[in-house]
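Just so it is clear: in the sequence shown, position 964 is 1202 by this note's numbering, and no numbers are missing. The beta carbon of each residue, even a glycine, is placed where N, CA and C say it ideally should be. If you're wondering where the values come from, they're calculated on a predicted model, not measured in any experiment. Heads up: the structure comes next, in structure tokens.
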Amino acid sequence: MYRKIGMIMKHLNNIQDINARRQALALDKSFIVQAPAGSGKTELLIQRYLALLAKVEAPEEIIAITFTRKAAAQMRYRVIEALISARESQPPLLDPARTTWELALAVRHQDIKKHWELEYYPARLRIQTIDSLCLSLTRQMPLLSRFGAQPRISEKADNLYHQAAHATLTEIESDAKWSISVETVLRHLNNNWSNIENLLVAMLKRRDQWLRLLGDSQQLQQEILEKTLATVVRDQLKRVSAYCSDTMMGEWLSFARFAASNIANINSPIKACQDLYNRPVINSSVLPQWEGLAWLLLSDKGEWRKKIDRTVGFPAPSSATNTKEKQLFQQQKESFLGFLECLKKETDFRCALHHLRGLPSIYYPEYQWKVIEALFQCLPLAVAQLQLVFQEQGEVDFTEVSLRALESLGYSEAPTDLALVLDYQIRHLLIDEFQDTSLSQYRLLEKLISGWEAGDGRTLFIVGDPMQSIYRFREAEVGLYLRTWQQGIGELKLTPLTLTVNFRSQQGIVDWVNESFSQILPTTENIAIGAVPYSLSHAFHPSLGENAVRVHPIFEKDFTKEAAIVVDIIQSIKCTEPNSTIAILVRSRGHLTKIIPFLKKAELHFRALEIESLETRPTVRDLLALTKALFHPADRLSWLTILRAPWCGLILADLYMLAGEDFQASIWSRVQDQDCVKHLSLEGQRRLTRIQAIFKGALENRRRLSPRQLVEGVWLALGGPACITSTTALEEAAIYLDLLPQQTVAGDILDFKALDEAVAQLYTPPDPTADETLQIMTVHHAKGLEFDTVIIPSLGCSPPAEDQALLLWAERSDSNQLLLAPIAETGTPQEPIYQYIKTLNKEKEHFESGRLLYVAATRAKNRLHLLGHVNLDENGRLKAPTKRSLLISLWPAVKKEFELAAKNLNLSAVKQKKANNDIQTSASNFFLRLSVDWQCPEPSLKIRVKSSSVPEIIPISNDPIEFNWAGENARHMGTIIHRYLQAMAQEGLEHWNQDRITALEPVLCRDLAGQGIGIHGLESTLQRTQNILNRIIKDPRGCWILSSNHRDARNEYPLSGILKGQIIRVIIDRTFIDQAGVRWIVDYKTSPHEGGNVEEFLDSEQARYRSQLERYAALMSMQDPKATQIKLGLYYPQLCGWREWCWLK
């Protein structure tokens, strides 16, 4: 017993923050908790949740908010798990498990008393994501949120943004008041329509950040914005001046006057200090003098000057004209170098000076302000266009859900009924990962707790770690956490608590993290730029010995060596600890280019979630080009791609002959032009002849076959599989081909942007033989996970450069002031204000890089391996790491180890190895193509297709059914109606009503015109199309056919098989299994009937199409042998007509 007590006391002594953890369970107070990596924040959150459950009247009074579905599911699981474990009579001995058990036991008593039955009804636990909360708010008040019927939520809404951006730019042709503003923006960016559209798309993605700013007309006045610029300059001058004592300033001014008097370059900023005898005032009017002082001390790169010469105003003593002058030059130079040496450790002062040199002008040039005013009109117009697109498509993005949720709650001065109801229902709010909150999410939380006060029985409990804020690309603002820590939210003040014990990592790793990140993260907090200082942790687990953290220096971008080291580390661990978990963490997927092939070669099986993108794989790129060429024959780039691809393999000279002689003609027309083809090389002519027949037949069958069948058939005929050297590439091709049915609308590929976006989301399938002992993922995906060993390679690599923004802005959180600047005119350098805001964003990115490193390093429990490269100069000295790389953030902690490794380096061997690698890379870029004599092989004689089981049906006719009734316009209208019938079936008729069909008028108009309907017939055809769609949603038969309640429902379903010895391919408009288990096959017929008896017409139509539908049924019975009963139906939307019959085998 004494031994147990001793063990418990020792355990409690190791938990140095035990008082903070106990204080967090005070249910009458609101807290904000900083919980560093490994500190058990999820356990604390669950303990608080359990403690509240034991006190409330109903579980719904508590809402716990997380930021991912996975985190919400995990928290709900752990709560239920704790309740189940509380059944055991013996509690765990040690904390925090013991406290959790005791709290869960109290909840069980409350559960029994209140008849909750939480184990059986876990949905009563309101643990959800912030997006889920927003969605529930809009559902509760559809009118206030202005959604009406709940739309679908699109996680990938780029296509919707592009439609809105395109519609915005087309307003230049309207007579609306904003057309001039659209013209101004187009002129500003040299009428580069595509670029401007992309810039608008980027702005629409982030509209929750700037939309509210554009709504504040007072703040957007030029005078107000320029006052903010003057304040920015003044504040920075104050900051610099505060570092300087009078003595220091006197010396500095003396050196500045000397330098200004002797500097050769009259345009140097230092020249402004020539008559400067007193400390400059804090005013933007004397900014040039402050800039001159800064340039005197700093190099171009912002470092303290290491050497000085006449270019800085300190001539060489040898240039003096007399002895006295020589002594003066020598004395000034030595004194100034001594002055610089004293400043060497003043990092904050150096950064402040460097920042001062980038301060903007305090006035907007006239032409720049005109662009800003134009954007003030264009951006709200783009949002309005996006609202129309949402309405037309019946889907929205998560940002729209958040914005509408905010609307549904009203304002603090005028809360809505929903806000009042929620204020009554919600008593306690718990928020996890608060450091990842965006501004719109923060505003939602502000409204949810509007009116809450300390001691009124309602509490807010916030948990997060600003050192782990790494989601700026998702609009997360760590400054919101810092501000909440200091000020609370709204009127509610929060008690701050800090956890310090790390339960995850051994002491060796914790000690290294403490020492390193005290240098890597900033020393002082700055809300405006997201500067988060380091908070020390204490290890709960003892050290496991030396080499807890190992740095592997690599030189001259030797990624082959880096990959080999990674493999060696893994193999070594696998030999000694086969069940140990290992993770390779990278900043971006591109950093694994060399490592993954090495792992596969070493037969090290790994799990990788969305790591190996198929977008850049040659096979997928060729198939994508083939798809675009087949469904958009005028796409010259795609045609050139497939003619260059291995299955054709034209040389560049032949491609130029086809494309370079006529820039207007389509490549396909040039391929068919014999006068053009005869000028190609003889081999080129032979290669082209082989593919001409294939493409001619394919283009004739376009839209008669499904895109999947067409693309795959052409690829096989061209010899695509023969160009593949690995089974992996075949799997990649299959993944791409499986994607095509999802992008198909009425037998066509209509949206190539959507196709490109879908391909960008394709990844290689996971290895089914791999277990959890070796995993590869990005650092962002690893957040919240832990592994025995963590390997972080490619630290010396930089991420892709950030794109330019149409409008940059920055809010000064300390004063609610706004900085704003538009993109520069095409062909001109960026304006100083835009560049200044961009510099602020770069600072934020730099600080986040340090936090990203922290997250990566703290995933390790036992061992951490760091690999990165730097380059060397001609003398073998280290160059600084690449800008924006993680290594440059890590450099203060690892520089000595790199220097030590460089001393023992054979420089000539390294340079020679790099040269050899470059040669091998060049040599590997050979031109792979099929032989000119290649022919598609005949099917093997061993393969036999058994068709004896195919049931007897009436003779098959290959003759197409005549459509004498249908003119061109009616046929095109039928294509569009088919497309919308498919959309209705996929979305569900609950998302369709007459208002939506009316709102679709511009879209339908474009679709019909795109089919080739002329302007004279467009209006009448549009009217008929809308009438038919409205008739469908009111027709009970149509509603039944398109209902989402059927099982195994499919639209535009492609089928193929062998009937009577012939290969048959068909596309079924709609098939499903009804409630009675009957398989239905329905064919839509858009033909009209303007005379005679309708019933007789439908009877004749049934006889006419009977053989066609029974052929479908025969194929379906082969596809689905379990279908014991198949019924066939013809549906005529224009007539609300219907004919059905049973198919008998």
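Top-ranked residue by Cα proximity to A292, from R316, A275, L263 and S277: L263
Beta strand (DSSP E) segment containing N1100, residue limits: Its beta strand (DSSP E) spans residues A1098 to V1108.
If you follow the alpha helix (DSSP H) that C886 is in, where does it begin and where does it stop? From DSSP, C886 is part of no alpha helix (DSSP H); its letter is neither H nor E.
Burial state of N1207, where buried means 16 or more other Cβ atoms lie within 10 Å: buried
I368 to G632 span [Cα, whole Å]: 22 Å
Considering just the uninterrupted stretch of the alpha helix (DSSP H) at A302, what are its terminal residues? Looking at the DSSP string, A302 is not in any alpha helix (DSSP H); the run it does join, the beta strand (DSSP E), is I300 to T304.
Using beta-carbon positions only, say whether A846 and D1005 come within less than 9 Å of one another. yes
Under 9 Å between the Cβ atoms of T1324 and I1215? The answer is yes: Cβ separation under 9 Å.
Going along the chain, which residues of its own chain have a beta-carbon closer than 7 Å to the beta-carbon of E489, five neighbours each way excluded? These residues qualify, in order along the chain: F577.
Which word fits D1197, buried or exposed, when buried means at least 16 other C-beta atoms lie within 10 angstroms of its C-beta? With a pLDDT of 41 at D1197, under the threshold of 50, the modelled position of this residue cannot be trusted; read the value that follows with caution. So D1197 ends up on the exposed side.
The beta strand (DSSP E) enclosing Q1055, as first and last residue numbers: Q1055 to P1060
Tell me where the beta strand (DSSP E) around H666 begins and ends. In the DSSP annotation of this structure, the continuous segment of the beta strand (DSSP E) that includes H666 starts and ends at H666 to I669.
What number of angstroms, rounded off, separates the C-alpha of W339 from the C-alpha of D694? 29 Å
Cβ-Cβ separation, R444 to E815 (assumed contact under 8 Å), whole Å: So it is not a contact: roughly 46 Å between Cβ atoms.
How about L343 and A302: do their beta carbons lie closer than 9 Å? Cβ atoms of L343 and A302: not closer than 9 Å.
State the Cα-Cα distance for the pair I1306 and K394, rounded to the nearest angstrom. 28 Å
Classify V1188 as helix, strand or coil using the three-state DSSP reduction. Interpretation of V1188 is limited by its pLDDT of 40, a score under 50 that renders its predicted location unreliable; the figure taken from the coordinates is listed afterwards. Looking at V1188 - three-state DSSP - the assignment turns out to be coil, as it is neither helix nor strand.
Rounded separation between L1227 and N1289 - CA only: 14 Å
If I'm right that W528 touches R588 with Cβ under 8 Å, what's the distance once you round it to whole angstroms? Wrong, their Cβ atoms sit about 15 Å apart, outside the cutoff.
What number of angstroms, rounded off, separates the C-alpha of P518 from the C-alpha of A498? 16 Å
Based on Cα-Cα distance, which residue from N752, N785 and F567 lies nearest to L774? N752
How far does the alpha helix (DSSP H) with T469 in it extend, from its first residue to its last? Q460 to A480
Assuming contact is defined by CB atoms lying nearer than 9 Å, are E1135 and P791 in contact in what I supplied? yes
Using CA coordinates, which residue listed in E1334, Q1363 and L1336 is at the minimum distance from E1348? Distances from the alpha-carbon of E1348 to those of E1334, Q1363 and L1336 put Q1363 closest.
Where does T733 fall in DSSP's three states? Residue state, collapsed to three classes: strand.
Can you tell me the Cα-Cα spacing of I1266 and P1240, whole angstroms? Approximately 16 Å, taken between the alpha carbons.
Is it right to say S876 is buried, meaning 16 or more other beta carbons lie within 10 angstroms of its own, or is it exposed? buried
Buried or exposed: P1371, going by 16 or more other Cβ atoms within 10 Å of its Cβ? buried
Which first and last residues belong to the alpha helix (DSSP H) in which F574 is found? T561 to C580
Since I believe P389 is in contact with V634 (beta carbons under 8 Å), could you give me their beta-carbon distance rounded to a whole number of angstroms? 5 Å
Could you have a look at F1310 and say whether DSSP puts it in helix, strand or coil? strand
Check for me: the beta strand (DSSP E) holding V1320 runs from which residue to which? Residues R1317 to Y1322.
Residue closest to A195, alpha-carbon to alpha-carbon, out of S432, A361 and L647: With the chain covering only 239 through 1383, there is no way to say anything about residue 195.
According to DSSP, is Y1370 helix, strand or coil? strand
Pull up the distance between the alpha-carbon of D860 and that of V952, whole angstroms please. 12 Å
Going by other Cβ atoms of all chains shown within 10 Å of its Cβ, with 16 needed for buried, is E298 buried or exposed? It is exposed - the Cβ of E298 has fewer than 16 other Cβ atoms within 10 Å.
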